[in-house]
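Scroll down for the structure; my scribbles are underneath it.
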Amino acid sequence: MKQILTVANKEFHDGLRNRWFISITLIFAILSLGLAYYGTAVSGSVGVASLSSTIASLASLAVFLIPLIALLVSYDSFVGEQESGTLLLLLTYPISKTQLLLGKFVGQGSIIALATLLGFGASAGMLGYQQGYANVLPAFSLFIGSAILLGLSFTAIAYSISLLVSEKSKAAGLALILWFLFALVFDLALLAVLVSTEDVVSQSGLTQLMMLNPADIFRLVNFAGLESADVNGALAVAINSSISQGQLFALLGAWVIGPLLIAIFIFRTRKL
Amino acid sequence: MDNIIVELTGASKTYRQLDALKQIDLSLPEGQVLGLFGHNGAGKTTMMKLILGVISPSAGKVSVFGKSPDSKEAWHLREKVGYLPENVSFYEHLTGLEVLTYFARLKGYNKKAALALLEQVGLTHAMKRQVKTYSKGMRQRLGLAQAFLGEPKLLLLDEPTVGLDPIATKEFYQTVDQLKTQGASIILCSHVLPGVEQHIDRAMIMSGGQQLAIGTLSELRQQAALKVSIKPTGLNGSLLQDTQLAQYWCADSDALLVPEDNKVEVLRQLLAYEHVNDVAVSPASLNQLYQFYLDQKVAVKEAN
Chain A
638 MKQILTVANK
648 EFHDGLRNRW
658 FISITLIFAI
668 LSLGLAYYGT
678 AVSGSVGVAS
688 LSSTIASLAS
698 LAVFLIPLIA
708 LLVSYDSFVG
718 EQESGTLLLL
728 LTYPISKTQL
738 LLGKFVGQGS
748 IIALATLLGF
758 GASAGMLGYQ
768 QGYANVLPAF
778 SLFIGSAILL
788 GLSFTAIAYS
798 ISLLVSEKSK
808 AAGLALILWF
818 LFALVFDLAL
828 LAVLVSTEDV
838 VSQSGLTQLM
848 MLNPADIFRL
858 VNFAGLESAD
868 VNGALAVAIN
878 SSISQGQLFA
888 LLGAWVIGPL
898 LIAIFIFRTR
908 KL
Chain B
351 MDNIIVELTG
361 ASKTYRQLDA
371 LKQIDLSLPE
381 GQVLGLFGHN
391 GAGKTTMMKL
401 ILGVISPSAG
411 KVSVFGKSPD
421 SKEAWHLREK
431 VGYLPENVSF
441 YEHLTGLEVL
451 TYFARLKGYN
461 KKAALALLEQ
471 VGLTHAMKRQ
481 VKTYSKGMRQ
491 RLGLAQAFLG
501 EPKLLLLDEP
511 TVGLDPIATK
521 EFYQTVDQLK
531 TQGASIILCS
541 HVLPGVEQHI
551 DRAMIMSGGQ
561 QLAIGTLSEL
571 RQQAALKVSI
581 KPTGLNGSLL
591 QDTQLAQYWC
601 ADSDALLVPE
611 DNKVEVLRQL
621 LAYEHVNDVA
631 VSPASLNQLY
641 QFYLDQKVAV
651 KEAN
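Heads up: the protein sequence lines correspond to chains A and B, in order.
Read in order, the letters of the first sequence are residues 638 to 909 in the working numbering.
Read in order, the letters of the second sequence are residues 351 to 654 in the working numbering.
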């Protein structure tokens with residue numbers, strides 16, 4: 638445990654030092670405050686948007702941003718250390734591969750989690766002040782909690798990428814492709830399947846397919862409790878399914894643990 | 351019986367089609383310094399990785415402190431091992447002190463230990479500067495401080511003097527000698543041969559993953575039958591008139607090249623000359639031995 642904390646402490650401070658933490662926090666804070674205040678601008682008025690539409694807008698943006706940021710923070714975690722020679726050196730120390738990976742995960746995950754909490758928490762604080770914390774806090778807790786899990790999931794996915802390749806540039810390219818697939822292509826493909834096969838894919842079948850993408854689970858968690866006017870498309874169909882929010886959270890958690898276990902397996906079998 | 355720290359028995363490592371290491375036998379007792387010499391791709395780093403337990407042998411056995419280094423049982427023994435990789439580039443954005451404190455903590459030591467080592471390698475003045483501002487020599491000294499963490503009982507140093515100025519090199523060898531006196535076993539891996547001779551107990555010469563020779567320098571000299579260079583001064587040509595000594599004369603090296611067995615006899619003869627001012631005796635250097643064994647390997651290969 639001490640070894641994990643030592644690595645986590647270094648990674649966390651690296652995140653603070655190279656401005657990842659402050660950048661992510663600022664991006665999230667500006668976005669969430671902007672959406673909360675000016676989210677109604679499209680309808681011709683300026684003012685505080687409803688909680689439901691604010692969460693819907695935030696979730697729609699976060700689903701693209703968080704995976705991208707998590708991948709950017711973590712894609713070179715291992716391949717970068719391998720290129721500089723410190724990975725080999727670290728493995729001659731009394732630290733196991735699993736401890737090293739978990740240490741990095743705790744450190745970088747903390748950066749993403751804390752930035753998400755503070756960045757989106759800013760608008761929660763502001764909205765709560767105006768609309769009452771009793772309504773705002775539960776909705777935002779759900780949103781921030783799921784956003785953190787989404788970030789952690791893509792951090793773990795980035796580790797697998799970082800451990801599979803031998804060059805930093807390849808890891809960056811692969812991370813970008815994965816982001817593109819998960820954030821954009823997957824939903825388009827799903828929509829195409831839904832439209833082209835009509836009744837072949839049932840509602841439950843569609844929902845099950847969505848579980849193959851952590852970004853979609855994040856969307857479902859956040860859109861499930863919203864007013865139907867804020868949600869449309871394939872999501873609206875899926876939301877009507879029987880999966881509870883607790884189950885969705887558990888699935889998102891599985892999308893953190895699963896890729897993490899895969900990354901550990903790759904690391905342990907990897908030749909140096 | 352000596353306490354054996356590292357033992358390799360028929361150790362081999364194969365990567366797909368490539369035999370990186372073939373049938374290596376080695377035993378390194380406590381407090382001994384082994385020089386590991388070979389050109390690029392000779393298998394030195396692979397051998398170090400095997401000893402460190404970072405990779406496992408494809409065949410044969412590796413034992414460090416009596417345990418297989420890639421096993422879980424040997425895990426805690428890593429605290430007693432120091433390693434300096436070749437061309438390591440530490441975390442550039444961290445300061446020297448932060449880098450060393452990080453590694454110290456992983457070995458169970460605190461910042462104090464890092465500070466003491468930075469002082470030992472002469473980096474105290476730059477310890478609060480980011481590593482990216484360090485010169486090559488300073489980086490190497492930081493690497494050495496990292497390897498010396500926790501007074502290791504086994505040190506593996508890959509090209510430790512690369513980038514070091516003569517003073518830092520001298521200080522480095524002083525530390526090596528000191529650690530050896532304290533009972534540490536050291537493997538020095540190098541392409542740079544001059545200067546290393548007086549600090550090693552034994553040498554191992556490798557090429558193409560094979561062990562070409564191993565032994566003390568005098569054993570290797572004897573085995574190679576390389577001649578001793580004897581250079582007298584003050585004789586002004588009278589040497590060539592001596593038929594017994596003239597047979598050893600080599601104009602290229604401007605010295606007598608004498609077989610080891612005849613050395614004392616030739617020295618006696620030289621000292622009998624009234625005008626002799628000085629006699630410089632140089633046994634075959636490590637560089638010559640290294641070259642001899644490499645040439646021998648090439649000759650055997652060509653003969654086959």
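Ideal Cβ positions, reconstructed from N, Cα and C, are used throughout, including at glycine.
These numbers were taken from a predicted model, which means no experiment stands behind them.
query                                                                                                                        : result
Three-state secondary structure assigned by DSSP to S694(A)                                                                  : helix
Residue range of the alpha helix (DSSP H) that includes P379(B)                                                              : Segment L368 to P379 is the beta strand (DSSP E) holding P379(B); no alpha helix (DSSP H) there.
Residue closest to I667(A), alpha-carbon to alpha-carbon, out of K741(A), A761(A), F742(A) and V832(A)                       : A761(A)
Bridge-paired residues (DSSP) for Q480(B)                                                                                    : T445(B)
Beta-carbon proximity check, L467(B) vs L447(B), cutoff 8 Å                                                                  : no
Which residues DSSP lists as bridging T723(A), in chain order                                                                : DSSP lists no partner for T723(A).
Nonlocal neighbours in the same chain, by C-beta distance under 6 Å from M351(B), ignoring five residues either side         : Per-residue confidence for M351(B) stands at a pLDDT of 49, beneath the threshold of 50, marking its modelled position as unreliable; the derived number appears in the next sentence. Around M351(B): no qualifying Cβ.
Alpha helix (DSSP H) runs contained entirely in the region 528-599 of chain B, provided each spans 4 or more residues        : 567-574, 588-591 and 593-596
Cβ separation of G323(B) and D420(B), assumed to be a contact under 8 Å, to the nearest whole Å                              : No information on residue 323(B) is available, as it lies outside the stretch 351 to 654 that chain B covers here.
Test item: CB-CB of R571(B) and P609(B) under 8 Å                                                                            : no
Stretch pair the region 484-492 of chain B + the region 456-473 of chain B: three plus CB contacts closer than 8 Å           : yes
Cβ-based contacts, 8 Å cut-off: residues of the region 717-748 of chain A near chain B                                       : S721, G722, T723, L725, L726, L727, L728, T729, Y730, P731, I732 and S733
Close beta carbons around L727(A), own chain, < 8 Å, minus the five adjacent residues each side                              : E718 and L737
Endpoints, the beta strand (DSSP E) within which L821(A) is located                                                          : Per DSSP, L821(A) belongs to no beta strand (DSSP E) and is neither H nor E.
CA-to-CA distance, Q382(B) to G533(B), given in whole angstroms                                                              : 8 Å
Beta-bridge pairing of L386(B) - partner residues as DSSP gives them                                                         : C539(B) and M554(B)
9 Å Cβ cut-off: residues of chain B touching T643(A)                                                                         : Y452, R455 and L456
Which residues DSSP lists as bridging I354(B), in chain order                                                                : P379(B)
Collapsed DSSP secondary structure at V438(B) in the structure displayed                                                     : coil
Spatial neighbours of G756(A) in its chain, beta-carbon cut-off 6 Å, leaving aside the 5 residues before and after           : T662, F665 and A666
CB contact check: L800(A) to chain B, cutoff 8 Å                                                                             : no
Best match in Q597(B), I555(B), K613(B) and L617(B) for proximity to N390(B) [C-alpha to C-alpha]                            : I555(B)
Straight-line gap, L885(A) to E648(A) (C-alpha atoms, nearest Å)                                                             : 30 Å
Buried versus exposed, by CB contacts within 10 Å (16 or more), K741(A)                                                      : buried
Secondary structure of D684(B), DSSP reduced to three states                                                                 : With chain B covering only 351 through 654, there is no way to say anything about residue 684(B).
Contact set between the region 646-670 of chain A and chain B, restricted to residues whose Cβ is under 9 Å from the partner : N646, K647, H650, D651, R654 and N655
Cβ neighbours of Q619(B) in the same chain (closer than 8 Å, five flanking residues each side left out)                      : D592, Q594 and L595
Within chain A, the residues that V431(B) reaches when beta carbons sit closer than 7 Å                                      : T729
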